[in-house]
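Remember, our numbering sits 22 above the position in the sequence shown when you count from 1.
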Amino acid sequence: MRKVLITGGNRGLGFKLAEVLSPKHHILLTARNLSSLNEAKRKITAIVPNASITTQELDVSRFDSVKAFHKWMLSTNTTVDVIVNNAGVNDENQLENKAFDIMNTNLFGIINLTETILPQLTQDGKIILISSMLGKLKLQPPSTQKLLQEKLTKQQILQFARDLIHNYKEGNYGIWSSHIQPLYKVSKVLTNAYARHVLADLVQPNQSIFCVHPGWVKTDMGGPKAPGEVKDGIFTSRYLIEELPYGRNPQYHAKYFNDKAQIEDY
Ligand SMILES: NC(=O)c1ccc[n+]([C@@H]2O[C@H](COP(=O)([O-])OP(=O)(O)OC[C@H]3O[C@@H](n4cnc5c(N)ncnc54)[C@H](OP(=O)(O)O)[C@@H]3O)[C@@H](O)[C@H]2O)c1
Numbered sequence: 023m024r025k026v027l028i029t030g031g032n033r034g035l036g037f038k039l040a041e042v043l044s045p046k047h048h049i050l051l052t053a054r055n056l057s058s059l060n061e062a063k064r065k066i067t068a069i070v071p072n073a074s075i076t077t078q079e080l081d082v083s084r085f086d087s088v089k090a091f092h093k094w095m096l097s098t099n100t101t102v103d104v105i106v107n108n109a110g111v112n113d114e115n116q117l118e119n120k121a122f123d124i125m126n127t128n129l130f131g132i133i134n135l136t137e138t139i140l141p142q143l144t145q146d147g148k149i150i151l152i153s154s155m156l157g158k159l160k161l162q163p164p165s166t167q168k169l170l171q172e173k174l175t176k177q178q179i180l181q182f183a184r185d186l187i188h189n190y191k192e193g194n195y196g197i198w199s200s201h202i203q204p205l206y207k208v209s210k211v212l213t214n215a216y217a218r219h220v221l222a223d224l225v226q227p228n229q230s231i232f233c234v235h236p237g238w239v240k241t242d243m244g245g246p247k248a249p250g251e252v253k254d255g256i257f258t259s260r261y262l263i264e265e266l267p268y269g270r271n272p273q274y275h276a277k278y279f280n281d282k283a284q285i286e287d288y
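The following block contains the structure:
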C-alpha cells in the first residue's frame, strides 16, 4: 500500500485515478473546493467501502494554500510515496486573467507545490506531472524548440511564462506559434521543460519523475467530443504508480509517457 497525493481530485482525471487506486492504496485527495472534495470522497467510498482516503483543501494556484497544506503535512507527520500533479485549467475556462491564471495553476502551481512538499516525499517516491501532447517541443516553431533544448534554469523557464503573461494579446504569442489553446500549450511545454531541466536533478537519487499525456478524454476539460473515456485517461498514471517498480531506473526517470504508457520524445 502506497500513499498517493492527488491534486484536483474532486472531478475528472484526478477523481477517477483516486477511485481506481483506492482499493489498494491510501489516497490523499485534495481540491480547492472543500464541499466538492467531500462529495468526491463520499462517491468513492460508496463504490469502494474500505477505501482509505484523507481529504485536504489545496489550491495549487495560491502559495498561501500550498504553505497551509505543507504545514498540515508537517503537523500530522504525513509523507507521501507519490505526488500526482493533476490540477489544471485551459484556454476554454472562464478565467479573469487568462494568461496569468493558466500559468499560475498549470506551471507555477506545480513548481510551488512540488518544491514545497519535496521533503515529505519518501526516498523512493515518484512525482507525476500530468502534461499534454500539446506540450511537445515539436509543436513549437524551430527557433523556440532550439531555445528550450538548451539547459535551462528554473528562473529562465519562469521568465518564458512571465514574458507570455506580459505580452499576451489575442493573436500575439511572441516566440510561441499560435496553435489551438496557445496559453495552455505553453504552460505544458514549460512544465515539461521544468521536469527535464530542473526537477529531474532536484529530486533525491532514488526518486523518479514522469511527465504523462493522459490522452484526449471526456472530462469537463476534454469535452464530450473527446474520443477516450475518463477511465482511459488514467491508464498511464495507474501503470506508473502500481506497476513500475519503485526506486529510480534511468530508463524511465524524467521521461514522457503517452496514454499507452509508452515513452516518447518530448
Ligand atoms: N481531459 C483531457 O483530454 C486532457 C488531455 C491532456 C491533458 N489533460 C490534463 O489532465 C489534467 C486533469 O484534467 P481533466 O481533464 O481532469 O480536467 P477537469 O475535468 O477540468 O478537472 C480539472 C481539475 O483541476 C482542478 N483545479 C483547477 N484549478 C485548480 C487549482 N488552482 N487548485 C487545485 N485544483 C484545481 C479542478 O478543480 P475545480 O473543480 O475546483 O475547478 C478539477 O478538479 C490537467 O492537468 C489537464 O491539463 C487532460
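From the three backbone atoms N, C-alpha and C, an ideal C-beta is built for every residue, glycine too.
Check	Outcome
To test your reading of the DSSP string, which unbroken alpha helix (DSSP H) runs of 4 or more residues are found completely within the stretch 74-151?	85-97, 120-125 and 131-139
Distance check for threonine 76 and glycine 110, CA to CA, integer angstroms please.	21 Å
Taking only three categories from DSSP, how would you classify tyrosine 261?	helix
Return the Cβ separation of glycine 269 and aspartate 254 in integer angstroms, given the expectation that the two are a contact with Cβ distance under 8 Å.	Contact doesn't hold; Cβ gap of about 28 Å is too wide.
Lysine 158: which of Ile133, Lys89 and Ala217 sits nearest, CA to CA?	Ala217
Run through DSSP, which three-state label would valine 239 get?	strand
Confirm, please, whether the CB-CB distance from asparagine 107 to alanine 62 is below 8 Å.	no
Shortest alpha-carbon distance to arginine 64 belongs to which of Pro141, Ser44 and Phe122?	Ser44
Quick one: what's got a C-beta closer than 8 Å to glutamine 142's C-beta in the same chain, skipping five residues either side?	His92, Met95, Leu96, Thr100, Thr101 and Val102
Beta-carbon separation of valine 104 and valine 26 under 8 Å?	yes
Label aspartate 242 either buried or exposed according to how many other C-beta atoms from any shown protein chain fall within 10 Å of its C-beta, with 16 as the threshold for buried.	exposed
Evaluate threonine 166 with the Cβ neighbour count: other Cβ atoms within 10 Å of its Cβ, from every protein chain shown; 16 or more gives buried, anything less gives exposed.	buried
Under a Cβ-count criterion, where at least 16 other Cβ atoms within 10 Å of its own Cβ denotes burial, should threonine 13 be classed as buried or exposed?	This structure does not reach residue 13, given that the chain is present from 23 up to 288, and the question cannot be answered.
What is the DSSP secondary structure of isoleucine 69, reduced to helix, strand or coil?	helix
Could you give the first and the last residue of the continuous alpha helix (DSSP H) run that contains leucine 169?	164-171
Cα separation between alanine 289 and alanine 53?	In this structure the chain extends from 23 to 288, so residue 289 is not present and cannot be described.
Just curious, the alpha helix (DSSP H) that valine 208 is in, first and last residue?	204-216
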